[in-house]
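Chains as they are written, first to last, in numbering that gives the first Met the number 0: chain B, 0 to 304; chain E, 0 to 304.
Reading through the structure tokens given below for one structure.
Protein chains: 2
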Amino acid sequence: MINLPKRVFIQEVVLRDGLQNEKQIVSTDEKLKLVDRLIACGLRQIEITSFVNPHLVPQMADAEDLCNRLKQREGITFSALILSEKGLNRAMRCGMSHVGVYVSASETHSRRNSNRSVAEALAEARRLIRKARHAGMNVRAGVMNAFGCAYEGKVPVGKVTEISEALFDTEPDEICLADTSGLGNPLQIKEVLNRVRPVTDDIPLALHLHNTRGLGLANVFSALEEGIFSFDTSLGGLGGCPFIEGATGNIATEDTVSMLHSMGVESGIDLSALIGVSLDFEKVLGRIFPSLISHLYARLKADEP
Amino acid sequence: MINLPKRVFIQEVVLRDGLQNEKQIVSTDEKLKLVDRLIACGLRQIEITSFVNPHLVPQMADAEDLCNRLKQREGITFSALILSEKGLNRAMRCGMSHVGVYVSASETHSRRNSNRSVAEALAEARRLIRKARHAGMNVRAGVMNAFGCAYEGKVPVGKVTEISEALFDTEPDEICLADTSGLGNPLQIKEVLNRVRPVTDDIPLALHLHNTRGLGLANVFSALEEGIFSFDTSLGGLGGCPFIEGATGNIATEDTVSMLHSMGVESGIDLSALIGVSLDFEKVLGRIFPSLISHLYARLKADEP
């Protein structure tokens, strides 16, 4: 019979990927309150912000303020996404211990996202990763659009492997394959993982998946079958890349945790508490989130006598 | 590498499971129009109605009228769900060639759905299947709540195996395992299939899945890995059991087809035509359906210059 990992590690990305596309600016106070509640649910890795151009992503304009006001806690990791040296320097000045540095596998997306070709972006990422590691930071190196691109369609696996190998060479702590456009399917997940693994040796692989076409949890399951035990998820299923049309909806933390627990895979997360946080955060943003399990629970609870 | 089936057969259940829970009554004319459009998209198996108590399920009150007005077409199968001898007799009088007869694996659900214990319902189902087969009908025998019950929680696999074996004994043309409460997970799909297959020999197994907790397509993928190539789906993701609270949302035909095609699995269905049918049928019911791919396409199309 099939063996899934016994334990999965979830990085909660609602504060970065989840919010970056939201028009309504969430205050730093609200963000800090959310962080406290997520930690109380058992989340241990939280992507807190990105150090990017505040004019392009106003939701992340409070990056410094937010990071400076974060209470450091035993066993809790806060990470930030950076896209440039300027961003890395800002993260360093805030004393961030963990950063994520990503390169897109698609030329069109790379140019739109970073104004650089893939080769240029990769060279710059390698430089930034080395600089961050030299400064003692923990670095996740990632490949965006590793499973397809909203602009270009298919992305050759060879391209993903090539970038992964070049990132591996900089000795990051983790390599992440991101389905930025939400185009991955569960068969492809296996194919890409089986091609990337040989070039990334024993560096842990993480997946960042979207549910754009309803395949998010099918992709998680496929990856679990391949032994992957590290996933990015977003509270309520919030999220999406602001530079890619229609690429909405990260996989929802609560739906993912619900699937994991139903299969006997541990996450260390209190599902029912997390659902409470998601439903409360809906009130902050004033809209219904895509997560299914939260609303199912809310409905069943409302029907109780 | 993994081998998925090259071709999958989809039974479209929107006219039965999809509509049975909808309060707004869809006219027989609208239903016939929908049938024509579904067939034009390439669907070949359509569950058209159920012969049940019209007072309990008013949406199915036009069963006779609908069946009598159906144009029979080469290569197209219309089937009806029956729950009792009265229902079977009605289906026979309408000249239906295909019927589905289901038994619940949960005592509580069985009593609520049919006012019978599982053992009584199974004995009655076996009698009805034999009668239908004797009359020359093609019969699908099914197990409801095969992956869990909203009332009872876990359903022992042994119970599902036992019922499947008793159904197998009546020589149906197909056996269907239904996740009526939407509680199945992809690991369990494999476990149940691997237990049921030995007792159902070479009779084809079909799956009827719901997306209640967002696991619908993960469950389809898991079943594909096990070689299953027959699935029930519902246009737009409409559906749910009227007798089970919260068990809403069959897997959406268009989302399923989109996943299959992206993995190179054929369905014979024209996805973009089907999305058009789904979006048009939203106007008939006056609400947005749960399908993701339809709205993604609609949004991308709206953004075209």
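Note that beta-carbon positions come from the ideal geometry of N, C-alpha and C, so glycine has one too.
Problem - Range of the contiguous beta strand (DSSP E) that encloses Asn2 (chain E) - result: Element bounds for Asn2 (chain E): n/a, residue is neither H nor E.
Practice task
Using the DSSP secondary-structure output, state which residues sit across from Asp231 (chain E) in a beta bridge.
Solution key: Answer is E:Gln10 and E:His207.
Exercise for the section: Helix, strand or coil for Glu161 (chain B), going by three-state DSSP, please let me know. Expected result: Secondary structure of Glu161 (chain B) (DSSP, three-state): helix.
Practice task
Run down chain B in chain order and give the residues with a C-beta less than 8 Å from the C-beta of Thr211 (chain E).
Solution key: Simply Leu291 and Leu295.
Exercise for the section: Helix, strand or coil for Phe242 (chain E), going by three-state DSSP, please let me know. Expected result: Reliability of the predicted coordinates at Phe242 (chain E) is poor, the pLDDT of 49 falling under 50, and the value obtained from them is presented with this limitation in mind. Three-state result, Phe242 (chain E): coil.
Practice task
Classify Phe50 (chain B) as helix, strand or coil using the three-state DSSP reduction.
Solution key: strand
Exercise for the section: Compare the Cα-Cα distances from Ala272 (chain E) to each of E:Ile24, E:Glu29 and E:Gly41 and report the closest residue. Expected result: E:Gly41
Practice task
State the start and end residues of the unbroken alpha helix (DSSP H) segment that holds Asn67 (chain E).
Solution key: Ala62 to Arg68
Problem - Proximal chain E residues relative to Phe220 (chain B), where beta-carbon distance stays under 9 Å - result: Asn184, Pro185, Leu186, Leu214, Ala217, Asn218, Phe220 and Ser221, listed in chain order.
Handout entry: Whether Phe50 (chain B) touches Ala60 (chain B) by CB criterion (8 Å)
Key = No.
Problem - Cβ neighbour criterion (16 or more within 10 Å) applied to Gln71 (chain E) - result: exposed
Practice task
Just tell me which of E:Glu170, E:Leu166 and E:Ile188 has its CA closest to the CA of Val154 (chain E).
Solution key: E:Ile188
Practice task
Let me know if Arg286 (chain E) comes out buried or exposed under the rule of 16 or more other beta-carbons within 10 Å of its beta-carbon.
Solution key: With fewer than 16 other Cβ atoms within 10 Å, it is exposed.
Problem - Integer-rounded CB distance, given that His294 (chain E) should sit under 8 Å from Asn249 (chain E) - result: The Cβ separation is near 17 Å, so there is no contact.
Handout entry: Cut-off 8 Å between Cβ atoms - residues of its own chain near Ala246 (chain E), not counting five sequence neighbours on either side
Key = Any reading at Ala246 (chain E) is ruled out, since the residue's pLDDT is 48, under 50, leaving its predicted position unreliable.
Exercise for the section: Can you pull the chain E residues whose beta carbon is under 7 Å from the beta carbon of Ser261 (chain B), in chain order? Expected result: Asn184
Handout entry: Nonlocal neighbours in the same chain, by C-beta distance under 6 Å from Tyr296 (chain E), ignoring five residues either side
Key = Ile274
Handout entry: Candidates B:Lys5, B:Lys22, B:Val7 and B:Ile45: closest to Leu353 (chain B) by CA position
Key = In the structure as shown, chain B starts at 0 and stops at 304, and residue 353 (chain B) therefore has no counterpart that could be examined.
Problem - Own chain, CB closer than 8 Å to His382 (chain E), minus 5 neighbours either side, in chain order - result: It is not possible to answer for residue 382 (chain E), since the shown part of chain E is limited to 0 through 304.
Handout entry: Within chain E, partners of Ser257 (chain B) - CB distance below 7 Å
Key = Arg212
Problem - Cα-Cα separation between Ile227 (chain B) and Ala165 (chain B), rounded to whole angstroms - result: If I take the Cα positions, the gap works out to 21 Å.
Handout entry: Exposed unless 16 or more other CB atoms sit within 10 angstroms - verdict on Pro53 (chain B)
Key = With fewer than 16 other Cβ atoms from the protein chains shown falling within 10 Å of its own Cβ, Pro53 (chain B) counts as exposed.
Problem - Below-8 Å beta-carbon distance, Asp279 (chain B) vs any chain E residue - result: Chain E, which has no Cβ nearer than 8 Å to the Cβ of Asp279 (chain B), makes this no.
Handout entry: Residue from E:Val191, E:Lys158 and E:Arg196 with nearest C-alpha to Glu173 (chain E)
Key = Measuring C-alpha to C-alpha distances from Glu173 (chain E) to each of E:Val191, E:Lys158 and E:Arg196 identifies E:Arg196 as the nearest.
Practice task
Look at the alpha carbon of Ala39 (chain E) and the alpha carbon of Asp200 (chain B), and state the distance between them as a whole number of angstroms.
Solution key: 50 Å
Exercise for the section: For Met143 (chain B), write down the residues that DSSP places opposite it in a beta bridge. Expected result: B:Ser103
Problem - Closer than 8 Å to chain E by CB, Gly245 (chain B) - result: Any reading at Gly245 (chain B) must be qualified, since the residue scores a pLDDT of 48, below 50, and its modelled position is unreliable; no value is offered.
Problem - Chain-ordered neighbours of Asp254 (chain E) on chain B, where CB pairs are closer than 9 Å - result: Arg212, Gly213 and Leu214
Practice task
Give the DSSP-derived three-state secondary structure of Thr76 (chain B) in the structure shown.
Solution key: strand
Practice task
Count the other C-beta atoms from every protein chain shown that fall within 10 angstroms of the C-beta of Asp35 (chain E), then say buried if there are 16 or more, exposed otherwise.
Solution key: exposed
Exercise for the section: Output the distance between the C-alpha atoms of Leu214 (chain B) and Arg92 (chain E), rounded to the nearest integer angstrom. Expected result: 43 Å
Handout entry: Sequence-distant residues of its chain with Cβ nearer than 7 Å to Leu284 (chain E) (five each side left out)
Key = Glu21 and Gln23
Practice task
In the DSSP assignment, find the unbroken beta strand (DSSP E) run with Ile268 (chain B) in it and report its ends.
Solution key: No beta strand (DSSP E) contains Ile268 (chain B), which DSSP labels as neither H nor E.
Handout entry: For Val25 (chain B), the three-state DSSP class (helix, strand or coil)
Key = coil
Practice task
Check whether the Cβ atoms of Gly236 (chain E) and Ala251 (chain E) sit closer than 8 Å, and answer yes or no.
Solution key: Yes, these two residues count as a Cβ contact at 8 Å.
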